[in-house]
Amino acid sequence: MARTPRLALGALLLGCLCATGAEDVPTANCLCLFDIDRTLTGKQGTAGEACPNDRAVDGTWDAAYGGGVFTLSELSAQGISTTFCRSCYLGLISAGGASGHGSKERAYIEENILTTGPFQRLAQRVPSAKAWSHPHNIASPLVVYKPDRTKQYAVEGILAWYASHGVEIWKQQVHFFGDRTENIEAFRGFGYNAREVSCDSRDWSMGGVVGLCGAAPLEIVGDSGVYTCADRPPVPVPAPAPPTTEPPRPPATLPPAPAPVPPPVPTQAPSPDPILTTSAPLPPAPLPPAPAPVPEPEPSPVPAPEPAPSPVPAPTTTQKLLPPPAPLPPAPAPVPEPSPAPSPEPAPSPAPAPTTTQKLLPPPAPLPPAPEPAPTPAPIPEPAPSPAPAPEPAPTPAPVTKPAPAPAPAPEPAPPRLPTSAPVPVPLPPAPAPPGLPTAPPALVPLPPAPAPPRLPSPSPQLPPAPAPPGFPPAPSPPLPPAPAPPRPPATTRAPQPKCGDRYCPRGWVCCRGQCRYPSSTCCGHLVCPVGWQCAGGSFCFPNP
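Residues -22 to -1, 1 to 523 (mature numbering (1 follows the signal peptide of the UniProt record, and there is no 0)) make up the sequence shown, in order.
1) What are the boundary residues of the alpha helix (DSSP H) that includes tyrosine 131?
2) Roughly how many angstroms separate the alpha carbons of arginine 84 and leucine 50, rounded to a whole number?
3) Can you list, in chain order, the stretches of the alpha helix (DSSP H) that have 4 or more residues and sit fully within the stretch 459 to 520?
4) In whole angstroms, what separates the C-alpha of isoleucine 116 from that of tryptophan 39?
5) Our contact map puts glycine 156 next to threonine 17 with C-beta atoms below 8 Å; I'd like the distance itself, whole angstroms only.
6) From this set, Pro484, Cys513, Gly200, which residue's C-alpha is nearest residue 527's C-alpha?
7) Taking 8 Å as the threshold (beta carbon to beta carbon), is cysteine 494 in contact with chain B?
8) How is threonine 159 classed by DSSP in three states: helix, strand or coil?
9) Using the Cβ count rule (16 or more neighbours within 10 Å means buried), how would you classify tyrosine 496?
10) Kindly indicate which residue of Ala41, Asp13, Gly46, Ile198 has the alpha-carbon position closest to the one of alanine 25.
11) Does the Cβ-Cβ distance between glycine 20 and cysteine 29 come in under 8 Å?
12) Would you say glycine 44 and valine 509 are within 8 Å of each other, going by their C-beta atoms?
13) Three or more C-beta pairs closer than 8 Å, one from the stretch 144 to 152 and one from the stretch 114 to 129: is that the case here?
14) Quickly, what does DSSP pair glutamate 174 with across the bridge? List them, please.
15) Helix, strand or coil for asparagine 522? Go by DSSP, reduced to three states.
16) What number of angstroms, rounded off, separates the C-alpha of leucine 100 from the C-alpha of histidine 143?
17) What are the uninterrupted segments assigned as beta strand (DSSP E) that are 3 or more residues long and contained completely in the stretch 31 to 74, given in chain order?
18) Do glutamate 52 and proline 195 have their C-beta atoms closer together than 8 Å?
19) Helix, strand or coil for alanine 107, going by three-state DSSP, please let me know.
20) For proline 324, which three-state DSSP category applies?
21) Should proline 401 go down as buried or exposed, given a rule of 16 or more other Cβ atoms within 10 Å for buried?
22) Identify whether proline 365 lies in helix, strand or coil by the three-state DSSP scheme.
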């Protein structure tokens, strides 16, 4: 019996001790993976200007994207421990090399950025947790030189390394954060979570492909799924603002609203008598108008004069309303009915109508259109008698025929009309006129000019010269015409610069990984060695001795 309370007390103390470190120990192991360039870092030289929340680390060189002073993004400056990743293990997957082996940039990342509780405790137990690995041999969670669009394949090697040290992490608990859309899209279908960062700041000098200021703490969330900047939900940013501004407004508006409501309520509630008095007159008011119109409209037609002496004003108003039916007596149809009676009398009036038609007949104008629709045989005989009056004008031409012999010369001018219509026969009569020699040959005179064009004896000078007689020197051959000068080639121009990605680099610049780098720099694998540095092993930059 004494052991039971002791066991209970021991369990209680053990629970308290475990609860003290619950803040850093996740209920299920999670893993946060980050890109380095433009995610944990910002563009060199933008701290305090284009990126006010970034911070430059003086004395530390960052070789990414042309090189410059190592610049921390807002996430790295405030710390990963300020996000949900504070209770997760960490890892890196970068296409760059973090300025190469033994660089100050790598040392700063190890000591000042990768500082969550679970990862720090693991690094104390397994120092290789902060070592740097290459894609072909992943021996730590910090992987560099992993090409873009293939970073999802490095996650499996990192999970295997954690499992080899007793840390089991599910696929659903892996979260990757990077600034390139192409790398985030590549995670679809692998079961991992991925999110694009630096969405509000893009480096448009590189076409917006990469971020400018790097990741912000608000972008590091533990949502499940794959999200790019195009489909990120804008809810988390505005959500905190409304609650801070809304609470003070309701109390300011609520007090004036209830103030006017209470005064009318007590005035009506304490006095029951006025309610009865008000209710008493109200029923009689609606009652008189309702019965008044019902009985009065029935006797209204006969006793119309009687309502006038009625002293009650209310019925007078109803009687005034009754006069509207008074217009009904003029409405009765008996008055218009006699009017239709004379209407049959005008029916016999059609007799004079033909007289009007007779008046219309004289005008011949309407008649011509009638024959058009009258192609029937019936109207055809009617126009036949019309030629009868034609003989009447016939006697008029009779006297005209008498003077006709006088204008007999009129037929003479007719022949001149013929030559105008046919000028060709005019030259024919002169041919038969001279029966002697034919005059036709002169017509052939125009033919000689035709042979004039064949002036082709010019090539005769090109014939070979005749052989010289014996005893005489051969005549010198005529000089040959100068050969046509060959076409001059176009003026040579400078050879175009080689294309670098989607643009042309200025003369003297270096194209490295599809980007134009500073003059005299050296492309070294995924790095760009500045002036005075040299490339060693195809992936490391060292200062010249």
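Positions of the beta carbon are idealized from the N, C-alpha and C atoms, including for glycine.
On the basis of the data shown:
1) 130 to 142
2) 13 Å
3) none
4) 26 Å
5) 6 Å
6) It is not possible to answer for residue 527, since the shown part of the chain is limited to -22 through 523.
7) This model lacks chain B altogether, as it is built from one protein chain only.
8) helix
9) exposed
10) Gly46
11) yes
12) no
13) no
14) Gly156
15) coil
16) 9 Å
17) 33 to 40, 46 to 50, 67 to 71
18) yes
19) helix
20) Unreliable placement is indicated for proline 324, whose pLDDT of 44 sits below 50; no coordinate value is reported for it.
21) Low confidence applies to proline 401: its pLDDT is 49, below 50, so where it sits in the model is not reliable, and the reading given next is rough at best. It is exposed - the Cβ of proline 401 has fewer than 16 other Cβ atoms within 10 Å.
22) Confidence in proline 365 is poor, its pLDDT being 47 and thus under 50, which makes the residue's placement too unreliable to answer from.
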